[in-house]
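Report on the following structure.
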Amino acid sequence: MKKGVLILVISLMVIFAGTIPVTSAGLTITTSTSSGEMTTGGSVTLTVDVSNTGTSSQSGITIELDLTSANGGLSLNATSVKLKDQTESQTIAAGGSISKTWTIYGVTAGTYTNQIQINVKQNGADISGSPVYESVSVKDPASFATPSISTATSVTQGDTFYFNLTTQNSGDYAIQNAVATISAPGFTVVSSSGTTQSSIAPDAVFAPSWKLSAESAGTKTVTVTLSSDNAASVSVSRSITVSGTSTPTPTPTPTPTSTRTGGGGGGGGSAEEANVPVDLFGVVKSTTTLRSEDGMVALTVQEGTLAKDAAGNPLSTVTMMKRSITGTLMAYELGPGGATFDPPVKLEFKYDPTTLPEGASEEDLVIKVYRDGSWVALDTVIDTENHVASTEVDHFTLFALMLKESAPIVEEAPPSAITATPTRVSPEEGVETPGAETPAESKKGMYAIIAGAVVLLAIAGWWLYYYRKKRE
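For what it's worth, our numbering labels the leading residue of the sequence shown as -9, then goes sequentially.
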C-alpha cells in the first residue's frame, strides 16, 4: 500500500513538472539614478538591473516603475503626465541579467523621498527584495522674478531723477554674475549703483538704480535688461514723458541742493533725497527700495506700509546723509528725523570685509541706533555671501554699522535731534524760513541799544550845558 502511494506521488510530480513556477531564488535587484537632483523641466535617468546568480534560468520576469506617490510632481513624459510603465515578460539565464532604463522628468519643485517605486515580479508576484524605492529632488532654476520699477513718469527737460528697479531670485539656486543694463534714449545716465552682483541667493533682492537727466522733450521709453550666467534674461520698460523747458516745474524726483553738517561726532555730506509713492493717508502704494548714491545703504519699504513724518503727515520723501563717526564702519542719518513706519522697514548696509579691523570677522558686525545719547544694538542679520548687514527699523534717526563691542563717542547731538526747522519749499505756500533768532541778529540788536544810549546821553549833556549858560 505505502509503495503504491509513493509511486502515485512521483507520477504526479513528473506530470506537472512543466507547470510549477521556478522560485526567485538567486534573483537580485540593483537600481541607480544619474543624479539625486534636477530642475523643473529637467530630467534624470533611472537604471534597474535584475541579475540571476542561481544555477537555473528564471522566466516570467517583469520590471515595473510606479511614480504615483509623487502626486504628479514626477513624470515619465516631458510634455504630459505618465506615472507607470513596465517591461515585457523576460527570461534570465543562469548567471545572466536584464536591464531597463527610464527617463524621469521633474514637473513640480519638491523633495520626493522614496516616491519612485520599482517592482520586480516573477509570474505576477514580487520577488524577494521587491519593491525598491529611489528618491530625487526637483528644484526651480535660478530666475529673476518679474521686476518692479519706481520712478517718475513725467519730468521736465533738464531735470534729474532716479530710475529704481527691484527684483529677486525666485529660484532655488543662486543667480551667478547678475548684470543690469539700461537703455535710455533721450536721457543721460548721470550715475548708477548696484547694477552688478556676483551672486544672488534664493529669495535675495537685486535692486539696481540709475540717476538720469532728461535731455530732450517727448515720450521716451526706458528699458532695463537683467542677465546672468545661469538665469534667463528679463527685460522691463517704462514710458516717461519729458516736457519742454519753457515753463519750468519742480523736478518730480528732486535731488537736494543743500548740505547739512554737524552732529554725529564728525563731518557729514549732502542729504540724498528720493520719493516714496504714498497715497493721501500715507500708505505706500508699491514696494520701493531706496539706495544711497554710493550704493552702500538700502531701505526697502513694502507696499501697504503706513509712512508718516514727525507731524503725522504722509511721508513723501526720504533723505540719506552719510556721517563720519570714528569707531564705525559707516554711519548714515535717515531723514526726515522722527518719520515712522508701520510695519517696520528693512535697512541694509553693504560692507567690504577687507576693511574690518585685524582679528574681527563679519559675524562681529551689528547695526546700532543712536538713542538718548548712546548706541543701542539692533537685531542684525549678516549675509556673509553678499556682505550685507540688515535690520528692521520703525523710525528715522542716526544708524551705524560697527563691531558689537564698539561704542563710538558722539561729540554732538545727531542732526535728527536738532529742533531748528530747516527751510523748505511748498508749491502752495512759497518759501518758509525759520523763526528762530540767529547770533548775528542778537548782536545787531545789542549794537542798536548801545548806539541809542549814547545818543540820549549826548542830548542830555548838551541840554544841561545850554541850561547853565543861559542862567549865567
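Glycine included, every Cβ here is placed at the ideal spot set by N, Cα and C.
Asked                                                                                                  : Found
From Thr215, Leu36, Thr43, residue whose alpha carbon lies closest to that of Leu57                    : Leu36
Residues near Ile139 by beta carbon distance below 6 Å, same chain, minus five either side             : Leu155, Arg228
According to DSSP, residues forming a beta bridge with Val356                                          : Met392
Contact check, Ala301 vs Glu338, beta carbons under 7 Å                                                : no
Option nearest Ser118 by Cα separation, candidates Gly44, Phe196, Ser144, Ala15                        : Ala15
Straight-line Cα distance separating Asp219 from Met286                                                : 25 Å
Distance, Ala350 Cα to Leu202 Cα                                                                       : 39 Å
Inter-residue Cα distance where the pair is Thr387 and Ser125                                          : 52 Å
Distance CB(Pro131)-CB(Thr29) smaller than 7 Å                                                         : yes
With 16 other Cβ atoms within 10 Å as the buried cut-off, status of Val371                             : exposed
Identity of the residue in Ser276, Val366, Asp39, Thr23 nearest Pro137 by Cα                           : Ser276
Stretch pair the segment 208 to 216 + the segment 170 to 179: three plus CB contacts closer than 8 Å   : yes
Among Tyr341, Gly100, Ser282, nearest to Gly325 - alpha-carbon criterion                               : Ser282
Pro343, DSSP secondary structure in three states                                                       : helix
Short CB-CB distance (under 7 Å) between Val274 and chain B                                            : This model lacks chain B altogether, as it is built from one protein chain only.
Selection from Ala321, Pro304, Ser306, Leu305 that minimises the alpha carbon distance to Lys312       : Ala321
Cβ neighbours of Ala221 in the same chain (closer than 6 Å, five flanking residues each side left out) : Ala132, Ser133, Phe134, Ile165
Where Ser59 falls: helix, strand or coil (DSSP)                                                        : helix
Beta-carbon proximity check, Leu194 vs Asn167, cutoff 7 Å                                              : The residue you asked about is not Leu; residue 194 is Ala in the sequence shown. Taking 7 Å as the Cβ cut-off, Ala194 and Asn167 do not qualify as a contacting pair.
Ile5 burial status per 10 Å Cβ neighbour count (16 or more: buried)                                    : Confidence at Ile5 is low in this model, with a pLDDT of 41, below 50, so its placement is unreliable and no value can be given for it.
Burial state of Asp342, where buried means 16 or more other Cβ atoms lie within 10 Å                   : exposed
Same chain, Cβ closer than 8 Å to Val71, five either side skipped, listed in chain order               : Gly62, Ser65, Val97
Residue of Gln147, Gly100, Pro304 minimising C-alpha distance to Gly161                                : Gly100
For Ile449, three-class secondary structure by DSSP                                                    : helix
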